[in-house]
Every structure is written in structure tokens, then in C-alpha cells.
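Enquirer: Taking this note's numbering, I'd label the letters of the sequence shown as residues 9 to 109.
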Amino acid sequence: MADSPVFDFVCEKLEQGTALDRLAVRGTVRIALKQAGLEARSVTAQQMGVVLERLLPNELNARGVEGGDALCARIRTGLAGVAATAQVDTPDAVFQRLGGA
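Below, the structure written as C-alpha cells:
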């Protein structure tokens, strides 16, 4: 299953704003999501906003990224545009469509 557009957006912005490579960025974001009990394939913009505020800055600092708080705050403001276009299908939504409910 593909990752959510929100996850992809955050990873892209972190790649642009840090010296971390794609693999390191995606792994770091996945670790922060796991700490919050979330998954990359289904995370919503609202959930990611909380992760960006509370968890990801510490993960970035642990990896030597300076200014992680400010970077996460900038990315968080851009999530509104992603939220308007991103719709992640949950298993419940898929089964409702298939069952005609």
C-alpha cells in the first residue's frame, strides 16, 4: 500500500530543508509516526501536524539537524494545502464502497 500524500509532502520538505538523504528522512519520519502509534500510509494532516509539533523536532535534533523546530513549524503551515487534496482510503471506506453501504 502506498504512503499517504501527507507523509510524502513532509518527507519532500524535509529533504529540501536538511542535509539528510531520502532514506534517512523517510526513516526519521516513520520513527516519529511509530512513536505516535501512526502509520505512513494512513496518517492525516491533522495527525502529522501533531507529530511535527511534538515528536519530529527531537528526532531531527538527534540526527544533528539544527533548527528542527522552525523547519517543522514551516512544514506544518503547508499541510493545509495537502489536506485539501489528500484523501486516504481506510479499509472501512473501501469495504463500504464495495458493499454499497
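For glycine and all other residues, C-beta sits at the position ideal for the given N, C-alpha and C. All values derive from a computational prediction rather than experimental measurement.
Closest to P13 by C-alpha separation, out of L79, P99, D100 and A88, would be which residue?
Expert: Along the sequence shown, read from residue 1 onward, the residue named residue 13 stands at position 5. Comparing Cα positions, the closest option is A88.
Enquirer: What is the rounded straight-line gap between the Cα of L68 and the Cα of G76?
Expert: In the sequence shown, counting from the first residue as 1, residue 68 sits at position 60. In the sequence shown, counting from the first residue as 1, residue 76 sits at position 68. Taking the straight line from one Cα to the other gives about 6 Å.
Enquirer: Once you ignore the five residues that flank R49 on each side, which residues in its own chain have a CB closer than 7 Å to its CB?
Expert: Looking up residue 49 in the sequence shown gives position 41. So the list reads M9, A10, D11 and S12, once near-sequence residues are dropped.
Enquirer: Using the beta-carbon count (16 or more within 10 Å), is P65 buried or exposed?
Expert: As a working mapping, residue 65 is identified with position 57 in the sequence shown. Buried, because 16 or more other Cβ atoms sit within 10 Å of the Cβ of P65.
Enquirer: Assign A53 to one of three DSSP states: helix, strand, or coil.
Expert: The residue you call residue 53 lines up with position 45 of the sequence shown. It is helical.
Enquirer: Give the straight-line distance between the Cα atoms of A40 and D100, rounded to the nearest whole angstrom.
Expert: Translated into positions along the sequence shown, residue 40 becomes position 32. Translated into positions along the sequence shown, residue 100 becomes position 92. Each residue's alpha carbon lies about 25 Å from the other.
Enquirer: From R105 to R38, what does the alpha carbon distance come to, in whole angstroms?
Expert: Counting from 1 along the sequence shown, the entry for residue 105 is found at position 97. Counting from 1 along the sequence shown, the entry for residue 38 is found at position 30. If you take the alpha carbons of R105 and R38, they lie about 29 Å apart.
Enquirer: Excluding the 5 residues preceding and the 5 following V73 in the sequence, name in chain order all residues of the same chain whose CB lies nearer than 6 Å to its CB.
Expert: Your numbering for residue 73 matches position 65 in the sequence shown. T26.
Enquirer: Locate the alpha helix (DSSP H) running through A32, then write down its first and last residues.
Expert: Taking the first residue of the sequence shown as 1, we reach residue 32 at position 24. Per DSSP, A32 belongs to the alpha helix (DSSP H) from R30 to Q43.
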